[in-house]
Amino acid sequence: MSWVRSHLADILIRLAAVGALLAFWWWATSQAESLYFPTPDTVFQSVWNDWLMNFSDSWRENFWPSMKRLLLGYGLAAVASVVIGVAIGRSRTFGQYVEPIIHFIRAIPPPAFLPLFLILLGIEDTQKIVLIAIGVFPPILLNTIEGVRSIDPQQFDTADVLQISTRRRVTHVILPAAAPKIFAGLRISMSIAVILMVISELSATTDGLGFRILQASRQFKYVELWAGIVVLGVVGTVLNGCLVFVERRVLRWSTV
Amino acid sequence: MSSEPIEMTHTSVTHTSDLTETTEMSEPTQPVEPAEPAGAGALLEARDVRHTYGAGTREEHVALGGISFSVDQGEFVSIVGPSGCGKTTLMRCVSGLMKPTSGTISMKGEVISAVPADLTLVFQDYSRSLYPWLRVAANVDFPLKDAGLARPEREERVAQALADVGLTGHETKYPRQLSGGMQQRVAIARALAYRPAMLLMDEPYASVDAQTRASLEDMLLDVWERRNKTVLFVTHDIDESVYLADRVLVLSNGPSRVIADIAVDIARPRDQIDTKATPEFVELRAEVARLIRDASSGAI
């Protein structure tokens, strides 16, 4: 309660900004009276009727398939990137071998892999998960490498004179020291993951959030199309919010 | 002369620069088995330690020019020398973080090749050697788990070490929430809880203000006496070196050598005001200052 009171001005400003956007949206679309640009009230009505009223269906058909792909691709890539990033950051030789390859892969726009993956990995989830993982790993990896390389050497000297084991050196020195950079990578990658999730669901799919938007468009249901976009916006915001929440907890020491 | 170059009786002043030359060729590389009688007094012994950075290159810099000294069990020895004379290089060699180009440093008769388990080092820059993501108690506890201690023992050691440095009640704070002097107390508590036979301190009080420094000096003396520690304390502050130690080793400017080994026979417990007003103290600090000045002017 006291938090609300002390942040009241902030909250009001943000609400006002959202309100202004909605007002403009409503005004512009009601002026236009276009089939392609429905007014926000009909869009939100559709969100309510088509997505929330039968949530168990839309969860099964749309949310869950998408979340599964996104979280698997993102999670696997994140774990692998941090592990490889620590290894590269600590070993100059290993870095010299691997870094050119990473920079080359990073330069390729991930959607360019989509046709190839469709041939190689089929149309099932594997292809989508791999696509997401490919796009997600470079920011996390590069940030991890940078974070590990910029650790003050005295932190390792200290670990040496205190006889800290290799395992705890990784978990208690390297990872926390690199954590601010790693989280920066995780945040960039989360938005990339959402983008690639939608792209992967726009072809050769029968479920997911992206598929639902594509379907609405094919059936000329423009209100539902807009509703799908709004839902995706909400999903992205919630995912990012979760990440920021975790980050704040993990990095609490850095802001005291 | 014998193999013990400066195992000397603590008479007032002994100049050792001539002594260091004689052991020059002693066992340059191969590890020495503990052949010499271990436990024969000296806890730590440095023999003709030399270190050259970038040997053979244009930037060749001789930091240590043959340093020999020993520290006995329970002694408080300070090393004083002008800034940039290689004190930190020496401490890195003694702690096993770095291998000297030649010469040996042995602890309890065993030559140091990696960081010995029975020794720890307190760095000058506490803000870089404390782990900012660990709370105060966790920082102090950090090395204890790897030392294989059970939880009750660890908790007891942490509590005792924090009490020794006067930080009881600050256990759950993060280092950043403490002042500089308090952070250095945490670093000292961490070293104490680890209970090494030998505590190395590399200019630990160089970056705190004068009042804090005085109280940290007294805290250290108090803990040293109560916990029966052996301390090797590096400083560039002449007053500090004399005030704290049983013995002061004076280093010359780079390439550094031990130019004097001065016994400080001033009664303990010492007092920041009274001790520093005694004629012995005044005389000793003048002696050390003169040695450093002469050594510096000779080098330039």
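As they're listed, the protein sequences go chains A and B. So that you can map any letter, position 158 of the first sequence is 148 in the numbering used here, and since no number is skipped, the others follow by simple counting. So that you can map any letter, position 294 of the second sequence is 1601 in the numbering used here, and since no number is skipped, the others follow by simple counting. Beta carbons: idealized from backbone N, C-alpha and C, even for Gly. Predicted model only: the values in this text are computed from it and were never measured.
### Sequence-distant residues of the same chain with beta carbon closer than 7 Å to THR1475(B), five excluded per side
LEU1469
### Query
For PHE107(A), which option in PRO99(A), GLN117(A) and PRO100(A) has the closest C-alpha, if you only look at C-alpha atoms?
GLN117(A)
### Task
Answer with yes or no whether the minimum CB distance from LEU1428(B) to chain A is below 8 Å.
yes
### Query
Can a CB atom of chain B be found closer than 8 Å to the CB of ILE109(A)?
no
### Query
Which runs of the alpha helix (DSSP H), 4 residues or longer, sit entirely within the stretch 1399 to 1463 of chain B?
1433 to 1436 and 1443 to 1453
### Message
Let's see if you can read the secondary structure: which residues bound the alpha helix (DSSP H) around LEU237(A)?
### Response
The amino acid at residue 237(A) is misidentified as Leu; the sequence shows Glu. Here the alpha helix (DSSP H) through GLU237(A) covers 212 to 240.
#### Entry: Proximal residues to ALA(-1)(A) (C-beta, below 7 Å), its chain only, five neighbours per side dropped
none
#### Entry: Those runs of the alpha helix (DSSP H) which lie wholly inside the stretch 72 to 121 of chain A and span at least 4 residues
82 to 97 and 104 to 111
### Task
Could you tell me which residues DSSP puts in a beta bridge with PHE1383(B)?
VAL1538(B)
### Message
Less than 8 Å between CB atoms is the rule here; does ILE154(A) satisfy it with respect to chain B?
### Response
yes
### Query
Of the choices SER81(A), ASP40(A) and SER71(A), whose alpha-carbon is the least far from that of ARG202(A)?
ASP40(A)
### Query
Apart from the five residues just before and just after PRO28(A), which ones in its own chain have a Cβ nearer than 7 Å to its Cβ?
THR19, TYR212, VAL213 and TRP216
### Query
From VAL1339(B) to GLY1393(B), what distance separates their C-alpha atoms?
Interpretation of VAL1339(B) is limited by its pLDDT of 41, a score under 50 that renders its predicted location unreliable; no figure is taken from the coordinates.
### Query
Alpha carbon to alpha carbon, what distance is there between VAL1541(B) and THR1396(B)?
11 Å
### Query
Using the C-alpha atoms, what's the distance from ASP197(A) back to GLN209(A)?
15 Å
### Task
Return yes when the Cβ of GLU1587(B) is within less than 8 Å of the Cβ of TYR1550(B), no when it is not.
no
### Task
Find the residues of chain A that neighbour ALA1362(B), judging by a C-beta separation of less than 7 Å, and give them in chain order.
By Cβ distance, chain A contributes nothing, its closest Cβ being about 21 Å from ALA1362(B), past 7 Å.
### Task
Pull up the distance between the alpha-carbon of VAL72(A) and that of ALA1494(B), whole angstroms please.
30 Å
### Any 3 or more C-beta pairs closer than 8 Å across the stretch 1457 to 1472 of chain B and the stretch 165 to 183 of chain A
no
### Message
Any beta carbon from chain B within less than 8 Å of PRO166(A)'s own beta carbon?
### Response
yes
### Query
Taking DSSP as the reference, what is the three-state secondary structure of LEU1598(B)?
helix
### Query
Relative to the alpha-carbon of GLN1374(B), which residue among GLU1367(B), ARG1483(B), SER1413(B) and GLU1382(B) has its alpha-carbon at the smallest distance?
Residue identity check: residue 1374(B) is Ile in the sequence provided, not Gln. Of the listed residues, the one whose Cα sits closest to ILE1374(B) is SER1413(B).
### Task
Would you please verify whether the beta carbon of ARG158(A) is less than 8 Å from any beta carbon of chain B?
yes
### Task
Measure the alpha-carbon distance for ARG1564(B) versus PRO1459(B) and round it to whole angstroms.
46 Å
#### Entry: Those residues which DSSP pairs with TYR1360(B) across a bridge
HIS1368(B)
### Query
How would you write the range of the alpha helix (DSSP H) that MET43(A) sits in, first residue to last?
Unbroken run through MET43(A): none, as it is neither H nor E.
### Task
Pull up the DSSP beta-bridge partners for SER140(A), would you.
Bridge partners of SER140(A): none, in fact.
### Query
Taking Cβ positions only, does ARG1458(B) come closer than 8 Å to chain A?
no
### Query
Of the residues that make up the stretch 1414 to 1425 of chain B, which ones have a beta carbon closer than 7 Å to any beta carbon in chain A?
VAL1422 and ALA1424
### Query
Where DSSP assigns a beta bridge to ASP1509(B), which residues make up the other side?
VAL1541(B)
### Message
Taking only three categories from DSSP, how would you classify ALA1606(B)?
### Response
Because ALA1606(B) sits at a pLDDT of 48, beneath the cut-off of 50, its placement in the model cannot be relied upon, and the point is left open.
### Message
Determine, for VAL76(A), whether the minimum Cβ-Cβ distance to residues of chain B falls below 8 Å.
### Response
no
### Task
Can you pull the chain B residues whose beta carbon is under 9 Å from the beta carbon of GLN21(A), in chain order?
Correct list: empty, because the minimum Cβ distance to chain B is about 55 Å.
### Message
Would PHE1430(B) and TYR1438(B) qualify as a contact pair, given that the criterion is a beta-carbon distance under 8 Å?
### Response
no
### Query
Could you give the distance in angstroms between the alpha-carbon of ALA1596(B) and the alpha-carbon of HIS162(A)?
44 Å
### Query
With a CB to CB cut of under 6 Å and the five nearest residues on each side skipped, what residues in its chain are close to ARG1461(B)?
ASP1448 and LEU1451
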